[in-house]
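Please read the structure below before turning to the comments.
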């Protein structure tokens, strides 16, 4: 992305404490329109919290969070929903709505009270289902979907919501390799074809390095790294972030360092 | 099952009960009394007793069922109803305090409403306010189960206070309190009470209709609703307001009536699914019709005796609900 693109998300010295514990400390970074950014970091580093703050699922905090240059708290929740779609971590609790009913509910920010969904809403939902290859289970009940199917429906939901900024919380966790690739392909397609700005929390640094524009690493609530993906793949930087030595080898095609598991007790 | 079909059946059922119930009872009433051309005695039974009572019962059933539906969606818990959260106990406490301390000094009607009813209404609304404050001021991360437990604790606390008041009162007052707590619609005479309660129920239901999309989204979880653009705090406040108006008015006039608020929404969910756009009208119709049937049975099943409607609701609804619950092949999703 060129530097000329508008800054759509920005944290300025943002700190947040919950229950006496500081979760985010003096976090500052910018994300421009059309960027594909991954947020990484160890468990409990504040990644999910940061996403939730941008979508105002969590309130409060010191410093500023700006969305398209305007402080987040100045938006109504409905205005925010037209700009930002939040895709939560896979949640066990689901309601027996059908996929189509569920997706139509995501048109809420455009709906007035007492109104029913319009033809236009239905068309948009249809289109979102076709793009994500979910149209074939439109009538299925959410609770009966597999993890991979469900995650695809969540991507369709973000499309249906018509927001140009997506915040995704571990979208590929719990998925097998094939399903992971499908979800990542959908995200990449949205990013390229519709200029959707994507901020994705993940534990999969390898993917981040291969596919995304930039990596922001959080450690203990602070920004520990913010830059091009290839630059984070250095043993000392990774050790600083994760507190454990990681083994790197060159990717045979891309020739970028990748993390591979260490063999305990030496090679057999 | 087709939703339009289920709704039509429920509508037909509601109309049928409303038409038949006034003619069922201890004294036979000829149909011609409807246009007031018969004997004055039976005309009075029909127009002063039966029709107002059936109308009041239908209103009460509708209001309680809709309130249950709203609380179940808001708390995402199948057991959340105004009754289980102690609101009926709050109303009973209000009425009991009036009977114990003010029944001699304060007898004047206010806007045509007896003071005991006003105290019960105040008790109900105060309890809802308390539940609202508890749920919104609770530390982050409190589960809905915690809130439900808090409501149940509140309910027991109020019940104990009522027992304490009863114990400390003389026999007449103690009996009046007991009678109030048992609930009942048998004291409804003429349309006065119906006209008092109707605007509350209408306004409450309108507000719920206004927030129907929000209810669906809240069912998916609070984070989900907020990220789809629901202004959660104001939505919750309006829903609490709607419920307090409806339940407050109904409980103040009819006394505590359990079970309708819990079961009617669940039965409708099993019949028509969790989508509030159809669940809401279904719940209104079934709640009203169900309570009318229960009350009609209550005043006819044992000759010369009127059973309080609360006894019938659970006697009739319990087994039916259990049957519905376990006859489903797909298993029961509470929502």
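Residue numbers (this note's numbering), protein chains in the order written: chain A, 395 to 662; chain B, 1262 to 1596.
Quick reminder that beta carbons are idealized off the backbone N, C-alpha and C, glycines included.
Asked, Found
"Per-residue burial, residue 1297 (chain B) [other beta carbons within 10 Å of its own, 16 or more giving buried]", "exposed"
"N- and C-terminal bounds of the beta strand (DSSP E) containing residue 1305 (chain B)", "Note, residue 1305 (chain B): premise wrong, no beta strand (DSSP E); alpha helix (DSSP H) at 1301-1305."
"Proximal chain A residues relative to residue 1487 (chain B), where beta-carbon distance stays under 8 angstroms", "449, 450, 451, 471"
"Chain-ordered neighbours of residue 555 (chain A) on chain B, where CB pairs are closer than 8 angstroms", "1489"
"Per-residue contacts from residue 523 (chain A) into chain B (C-beta, under 8 angstroms)", "The contacting residues do not exist; residue 523 (chain A) stays about 17 angstroms from chain B at best."
"Segment contact, 8 angstroms Cβ cut-off, at least three pairs: the region 1544-1563 of chain B with the region 1343-1350 of chain B", "no"
"Candidates B:1550, B:1517, B:1512, B:1475, of which the one nearest residue 1499 (chain B) by Cα", "B:1475"
"DSSP three-state assignment for residue 527 (chain A), whether helix, strand or coil", "coil"
"Cutoff 8 angstroms: residue 1395 (chain B) Cβ touching any chain A Cβ", "no"
"C-alpha gap between residue 1513 (chain B) and residue 1485 (chain B), whole angstroms", "36 angstroms"
"Where the beta strand (DSSP E) through residue 641 (chain A) begins and ends", "641-644"
"Meets three-Cβ-pair contact criterion under 8 angstroms: the region 1335-1346 of chain B and the region 1409-1426 of chain B", "yes"
"Chain-ordered neighbours of residue 1474 (chain B) on chain A, where CB pairs are closer than 8 angstroms", "499, 502, 505, 507"
"Residues that DSSP places opposite residue 1550 (chain B) in a beta bridge", "Residue 1550 (chain B) pairs with nothing; no bridge assigned."
"Rounded straight-line distance, which links the Cα of residue 1509 (chain B) to that of residue 1382 (chain B)", "5 angstroms"
"Continuous beta strand (DSSP E) stretch holding residue 480 (chain A): start and end", "478-481"
"Listed by chain order, chain A residues near residue 1477 (chain B) by CB distance under 7 angstroms", "499"
"Where residue 499 (chain A) falls, given that 16 or more other Cβ within 10 Å makes a residue buried", "buried"
"DSSP-derived helix/strand/coil call for residue 1502 (chain B)", "helix"
"Reduced DSSP category for residue 1365 (chain B) - H, G, I as helix; E, B as strand; rest coil", "coil"
"Cβ-based neighbour list, residue 1540 (chain B), same chain, cut-off 8 angstroms, excluding 5 preceding and 5 following", "1330, 1526, 1529, 1530, 1533, 1534"
"Terminal residues of the alpha helix (DSSP H) in which residue 406 (chain A) lies", "Run containing residue 406 (chain A): none in the alpha helix (DSSP H); it sits in the beta strand (DSSP E), 401-412."
"Identity of the residue in A:630, A:623, A:605 nearest residue 574 (chain A) by Cα", "A:605"
"For residue 1522 (chain B), three-class secondary structure by DSSP", "helix"
"Beta-carbon neighbours of residue 489 (chain A), restricted to chain B and to distances below 7 angstroms", "1480, 1481, 1535, 1596"
"Close beta carbons around residue 1576 (chain B), own chain, < 7 angstroms, minus the five adjacent residues each side", "none"
"CB contact below 8 angstroms: residue 480 (chain A) versus chain B", "yes"
"Beta-bridge pairing of residue 594 (chain A) - partner residues as DSSP gives them", "A:432, A:562"
"Outcome for residue 1456 (chain B) when other beta-carbon atoms lying within 10 angstroms are tallied against a minimum of 16", "exposed"
"Min CB distance residue 1464 (chain B) to chain A below 8 angstroms", "no"
"Simplified DSSP state of residue 1469 (chain B), which is helix, strand or coil", "helix"
"Inter-residue Cα distance where the pair is residue 1557 (chain B) and residue 1419 (chain B)", "30 angstroms"
"Sequence-distant residues of the same chain with beta carbon closer than 8 angstroms to residue 1363 (chain B), five excluded per side", "1376, 1380"
"First and last residue of the uninterrupted alpha helix (DSSP H) at residue 630 (chain A)", "629-636"
"Chain B contact residues for residue 474 (chain A), given Cβ-Cβ distances below 8 angstroms", "1490"
"Alpha carbon of residue 1341 (chain B) to alpha carbon of residue 1417 (chain B), nearest angstrom", "15 angstroms"
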